[in-house]
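Undergrad: Residue numbers (my numbering): 5 to 128.
#1: Can you give me the C-alpha to C-alpha distance between residue 110 and residue 79, rounded to a whole angstrom?
#2: Between 11, 124, 14 and 16, which lies nearest to residue 71 when the distance is taken from Cα to Cα?
#3: Please check the pair residue 120 and residue 69, which I expect to be a contact at CB under 8 Å, by giving their CB distance rounded to whole angstroms.
#4: Grouping DSSP H, G and I as helix and E and B as strand, with all else coil, what is residue 9?
#5: At the level of alpha carbons, what is the spacing between residue 9 and residue 26?
#6: For residue 101 and residue 84, which I take to be in contact (beta-carbon distance under 8 Å), what is that distance rounded to the nearest angstrom?
#7: Consult DSSP for residue 96 and reduce its assignment to one of helix, strand or coil.
#8: Have a look at residue 75 and residue 67 and give me their C-alpha separation to the nearest angstrom.
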């Protein structure tokens, strides 16, 4: 009986996760004013009327640079909780933890060297 109770709680959370955004979207759609006209459908450019097409093609290097920044930024954020949570010198598994984080930092450095060799870090 207790085992199936876990599935009931999980199903309730799943239904709430689906229902709440749908309900919020529906209420917002019913309450907001809707008076579309041509000026509202134009792309906004700091109050200036657009003079060209709004779709611009960017160089893929900008996306790669941003993606690398996010990857290394998020990965290095993992170093802080590790350093705070584990006392490497006084822990019985301290050497294992230190070795594990050394491998993690080594893989980050390998990824950075790979990106550098592929010239992804060049800003043009």
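Built from N, CA and C at the ideal position, the CB exists for glycine as well.
TA: By the coordinates alone:
#1: 12 Å
#2: 124
#3: The pair is not a contact, with the Cβ atoms about 12 Å apart (cut-off 8 Å).
#4: helix
#5: 26 Å
#6: Incorrect: roughly 14 Å between the Cβ atoms, too far for contact.
#7: coil
#8: 12 Å
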